[in-house]
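Here is the structure we will look at, set down as structure tokens.
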Amino acid sequence: MSEITAQWFQLFNLYALLGTVAGVVVIGLLLFNIVRYRARDGVNDPPDAPTPGRIPPERGRIGAVWILTGLVGGILLTLTFGTINTVNLILTPPRKPAMTVEVHGFQWGWKFIYPNGKETVGELRLPAGTPVLFKVTSDDVFHKFHLIEFKYGVDALPGRFNEVWFSTDIVGTYTIQCFELCGAGHSNMKSRLVIMHPSEFQKWYGGG
Amino acid sequence: MAEITPNSVRYWLFTTNHKNIGILYLVTSFYFLLVGGALALLFRLQLAMPQTEILSASSFNQAVTVHGLVMVLWFLSPLGFALANYIVPLQIGANDLAFPRLNALSYWLYLFGGILAAIGFFTPGGAIDTGWTVYAPLNTAKYSPQVGTTLGALGLLMLIASVTASTVNFLVTIFKMRAPGMRLMHMPMYTWGILLTVFLMLFAFPALAAAGLVLAADRALGTLYFVSQEGGALLWDNLFWFFGHPEVYIVLLPGLFAVAEILPVFARRPLYGKRVIIWATVAASILSLMVWGHHMFTTGVNPLWREVMTVLTETISIPFGVITISFILTLVGASIRLKTPMLFALASLVHFIIGGITGVFNSSVALDYGLRGTYWVVGHFHYTLLGGAATGLIAGLYYWWPKISGRMYDERLGRIHFILYVVGYNLFAFSIHLLIDMPRRVYTYPLESGWLLNNMVATTGALIFGLSFLLLFFNLYRSLRKGAEAGPNPWSSWSLEWLTPSPPPPENYGGQPVVSADGVISITPLPIDGGRHMHVNHLSKAPMLVSLGTFAVFLGLALSMPIALVGLAILAASLIIWARESWSSHHMEGLEFEKWPFQGVEKTRLGVWWLIFGEAVLFSGLILSYLWVRFMSASWPAAGTAFDLTTGAANTFILLTSSFTLVAALAAARLGRHSMVRAGLLTTFALGLVFLLNKALEWAHLFAEGHTFGSSLPFSTFYVTTGAHGAHVLAGLIVLAYLIVRSFRKTEGIHESVESFGIYWHFVDIVWVFLFPLFYLF
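Respectively, the protein sequence lines represent chains A and B. Under this note's numbering, read the first sequence as residues 6 to 213, first letter to last. Under this note's numbering, read the second sequence as residues 49 to 826, first letter to last.
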């Protein structure tokens, strides 16, 4: 896992926790009321039941709004704080990225250009434990450069370079896939992300 | 045309009665549900297992695109407006909408627009395949060359015209035709929902119109907005989502307010916090116009703007939370009857809560890095729009069906439908919600991805859900055959539509509904039988023919010119029919309708004002697109070099003068000096014509110099922006020609017509006052 992904999950779990609690309470309240106040035999309509041809009296106080706004506002404040915190972490690399890789989306594949001019298509090799800066762009239509296992990605737009940094310590092979509909080849617009030991990476990179 | 009866085809082609139009909308929206639903089941089968080949990649893209467009724009919203057409005039005690022919026009434009968009399946290369968001530059001819995509864009333009006409119609109806004594706060919730919906439409759809016009120009004329990197992806994103986010609420509000209508009836208690719910919805609607950026979090836009958008988006959950809690509080102390409409209304509420909560996740910039483009997002908006909005409207359909048909549906079948619907729906929507890693709109996926189980369950659920609709159709069909008589008010509801027989007579009420100061609604018998009966069943050929003509013109533009010429002929003929029909609405004497806050404004004039509002948004969209492209461009021709300043200045002078001559014509009309009116109108017409001729010469000159639509961005933007303005001048001249003919024949009421037209004409002049400096001076 990468630091960004860890942060992402931490925030996601915060949202999921608060969201589940809110959902269970609200839906629970609704279901409770439905069961509690079901029409039963021998029980008359409430006295203020709607009468044909008469505009019902208004009821319901605005006080409920303030209580609720306070509650929901508190939850949202927490979430917003968490979001801004996480965004800053996602946007700011812990140290200066060691390498900048240009990522070009095209119909239908990914091309990667390394600082020394080395170009690969369909496979991105990176050293483990080293922050890398991606400059993501597109050569034709709107794509989204997305690292599935890391829950992380950014749009690839023609004429613009979107910068994001990335790093992971775990050696292995992962999937890069396009996450924005880009034409007939969209479903197979994938590349492999290969994270290598730094020494092995250097051997491959230098030898290119 | 007295011999035409409700059993004839011609009656249904030419009807303008709001209840008939409502039924037409209802049938048509369910037809589009079948289209969109069949496509959905096709690609759900394709996705049920990895590496299936039921659909090819390109047919899959067409299927998801048309599914999205049809479901949002041709099924959900129109279903809401089917009920609105039928119910809103009844709920406010009116005998029809303010402009019945315009209402018929809305319907036919909607139908033909949908056919135009879907007909692409039968053209070479297939239908539009860009996704329902139609992202640039995939939407340009370079990347989506097939004619189907152009047809999709043109179908969208017809739909926008339909929506704009409806918007104006409902705004004028609700503001001018409420029963005497009925204040805005007295209105039933469904009418409130429609009022708030059309307000949002007034802002949102013109932005889509700007985007659609520019896209059509790019595809048909070869202009460069979306092909170029200066315009391109981000320009479309901004225009589309400025429409797209409010559109979500446009689709949602009718369903949500149908729930608000149904809950108190079956809970037997008045709605809790009606006023609060309405104001909360107003707040959410205003916010919805300011959050379009949350669809663009990962495009690399300004970080501060993104955080503002995050906070604004999260704020929206406060008003919606208030609405949800008010709904729940309505049930406290109630005596709840779980009839089919109530069951669907409650299910809608539960789905809406789930969709609302998962929506908060999407509002977070940070989470969006991982969630954008995944099935999580698909799950979220299916919970709000299908689970929330559509379920609410199905509840509304069951609720109002006895009113519309006069018959009861079968309660047991309704409950079986409910169970299958809810089980199928949640199997489908919850399992795609869990596919947090799976990209949207892939036509296949590998087995190793681990997405098989959720997809399999989703497809199973979707099949159960889709087939459950057969029960609905069977139930409704059966009720027409042998359903029990419903009587006027089977649910003991309070609102006005239940005070008249089911189905209501053509004129809606046997008299005039009046609301007394203490809230009692009574039907005052008519003083003389007549007035109200005069136009309620008025038949008109024009709306259907105008739409057919427009359809043929657009089809011809995309396919072959002869069809367009035939269309143009139909269009011209039908406009003449429209103008020649005698069409006057009759008011009852002695009763003052509720018109707050527009007491002093005449009906047509109010309609024109609302139209102008939409036009202003449209031109803002076009002008902002121009400015966007210009500021994104590295170089631009120096001020005054590209376009001839003398021509522009002359045209400015001509157009401004024509405003003065029109004012003079109006002054003469007020004084009853009819020869002066004619002179004024003729001069205005001549000046408008000179403006257009001058413009034609200017364009011809530019073309001769090699500056075509697609030669460079400065010229693309010039032709599209001033061309759209020129089209407005041309439309103005057509109406003016009608007024001139009329001024020679019938002078009665001409000053009102001149005044209404004047609003439009002055607006068109003001737009030019903006365009002239932008293109010629700077």
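Just so it is clear, CB atoms sit at the ideal spot from N, CA and C, and this is done for glycine as well.
Neighbouring residues, chain A, relative to residue i (Cβ below 7 Å)
i, result
"Asp144 (chain B)", "Correct list: empty, because the minimum Cβ distance to chain A is about 22 Å."
"Gly418 (chain B)", "Trp13, Lys156 and Tyr157"
Where the alpha helix (DSSP H) containing residue i begins and where it ends
i, result
"Phe117 (chain A)", "Not the alpha helix (DSSP H): Phe117 (chain A) falls in the beta strand (DSSP E), residues Gly114 to Ile118."
"Ala259 (chain B)", "Met237 to Ala268"
"Ser570 (chain B)", "Careful: Ser570 (chain B) lies outside any alpha helix (DSSP H), inside the beta strand (DSSP E) at Ile569 to Pro573."
"Leu360 (chain B)", "Pro351 to Thr378"
"Tyr73 (chain B)", "His66 to Ala96"
"Ala328 (chain B)", "Lys322 to Ser336"
"Gln647 (chain B)", "First-last for Gln647 (chain B): undefined, no H or E at that position."
"Tyr157 (chain A)", "From DSSP, Tyr157 (chain A) is part of no alpha helix (DSSP H) but of the beta strand (DSSP E) over Tyr157 to Ala161."
"Leu719 (chain B)", "Leu693 to Leu719"
N- and C-terminal bounds of the beta strand (DSSP E) containing residue i
i, result
"Gly196 (chain B)", "Element bounds for Gly196 (chain B): not the beta strand (DSSP E) but the alpha helix (DSSP H), Val195 to Lys224."
"Lys149 (chain A)", "His148 to Leu152"
"Lys794 (chain B)", "Run containing Lys794 (chain B): none; DSSP gives neither H nor E here."
"Lys140 (chain A)", "Val137 to Ser143"
"Glu124 (chain A)", "Glu124 to Val126"
"Gly559 (chain B)", "Gly559 to Val563"
"His109 (chain A)", "Met104 to Phe111"
Presumed contact (8 Å Cβ cut-off) between residue i and residue j, rounded CB distance
i, j, result
"Ile366 (chain B)", "Thr25 (chain A)", "Not confirmed; about 19 Å, so no contact."
"Gly168 (chain B)", "Leu205 (chain B)", "At roughly 14 Å, the Cβ-Cβ gap does not stay under 8 Å, so Gly168 (chain B) and Leu205 (chain B) are not in contact."
"Ile325 (chain B)", "Ile371 (chain B)", "5 Å"
"Ala152 (chain B)", "Thr64 (chain B)", "5 Å"
"Thr221 (chain B)", "Val159 (chain A)", "Not really, about 47 Å apart at Cβ, beyond 8 Å."
"Gln12 (chain A)", "Thr105 (chain A)", "Gln12 (chain A) to Thr105 (chain A), Cβ: 22 Å. No contact."
Proximity test, Cβ basis, 8 Å: residue i and chain A
i, result
"Asp485 (chain B)", "yes"
"Thr492 (chain B)", "yes"
"Met636 (chain B)", "Low per-residue confidence applies at Met636 (chain B): pLDDT is 48, beneath 50, and the placement is therefore not dependable enough to give any value."
"Arg92 (chain B)", "no"
"Trp499 (chain B)", "no"
"Trp747 (chain B)", "no"
"Ser374 (chain B)", "yes"
"His66 (chain B)", "no"
"Gly303 (chain B)", "no"
"Asn474 (chain B)", "no"
"Gly454 (chain B)", "no"
Contact set for residue i: own chain, Cβ-Cβ below 8 Å, skip 5 residues either direction
i, result
"Leu199 (chain B)", "Leu164, Ala165, Ile167, Gly168, Thr171, Ala175, Ile176, Phe602, Leu603 and Ala606"
"Ala698 (chain B)", "Asn742"
"Ser104 (chain B)", "Tyr491"
Minimum Cβ-Cβ distance from residue i to chain B less than 8 Å
i, result
"Leu73 (chain A)", "yes"
"Ser7 (chain A)", "no"
"Pro51 (chain A)", "yes"
"Ala133 (chain A)", "no"
"His214 (chain A)", "Residue 214 (chain A) is absent from the structure shown; chain A starts at 6 and stops at 213."
"Ile95 (chain A)", "yes"
"Ile39 (chain A)", "yes"
"Gln1 (chain A)", "Since the displayed chain A opens at 6 and closes at 213, residue 1 (chain A) lies outside it and no answer follows."
Spatial neighbours of residue i in its chain, beta-carbon cut-off 6 Å, leaving aside the 5 residues before and after
i, result
"His430 (chain B)", "Ala477"
"Arg580 (chain B)", "Residue placement at Arg580 (chain B) is flagged as unreliable, the pLDDT there being 47, under the threshold of 50; the coordinate-derived value follows with that caveat. The residues are Asn143 and Glu555."
"Gly116 (chain B)", "Trp180"
"Phe763 (chain B)", "His755"
Residues of its chain near residue i, where Cβ-Cβ distance is below 7 Å and the 5 sequence neighbours each way are ignored
i, result
"Thr363 (chain B)", "Leu335"
"Met338 (chain B)", "Leu360"
"Ala772 (chain B)", "Leu261 and Leu670"
"Phe223 (chain B)", "Lys643, Phe646 and Leu654"
Cross-chain neighbours of residue i in chain B, by beta carbon under 8 Å
i, result
"Leu162 (chain A)", "Gly280, Ala281, Leu282, Thr347 and Gly348"
"Gly24 (chain A)", "Ile405, Thr406, Val408 and Phe409"
"His151 (chain A)", "Gly421 and Pro487"
Contacts of residue i in chain A (Cβ-Cβ under 9 Å)
i, result
"Glu355 (chain B)", "Thr85, Thr88, Ile89 and Val92"
"Ile402 (chain B)", "Gly28 and Ile32"
8 Å Cβ cutoff, residue i in contact with chain E
i, result
"Ile366 (chain B)", "The question asks about chain E, but that chain is absent: this structure's protein chains are A and B."
Where residue i meets chain B, residues with beta-carbon distance less than 7 Å
i, result
"Tyr179 (chain A)", "Within 7 Å Cβ-Cβ: nothing; Tyr179 (chain A) doesn't reach chain B, min ~12 Å."
Under 9 Å by beta carbon: chain B residues contacting residue i
i, result
"Asn167 (chain A)", "Thr346, Thr347 and Gly348"
"Arg59 (chain A)", "Trp542, Asp566, Gly567, Val568 and Ile569"
"Gly190 (chain A)", "Ala105"
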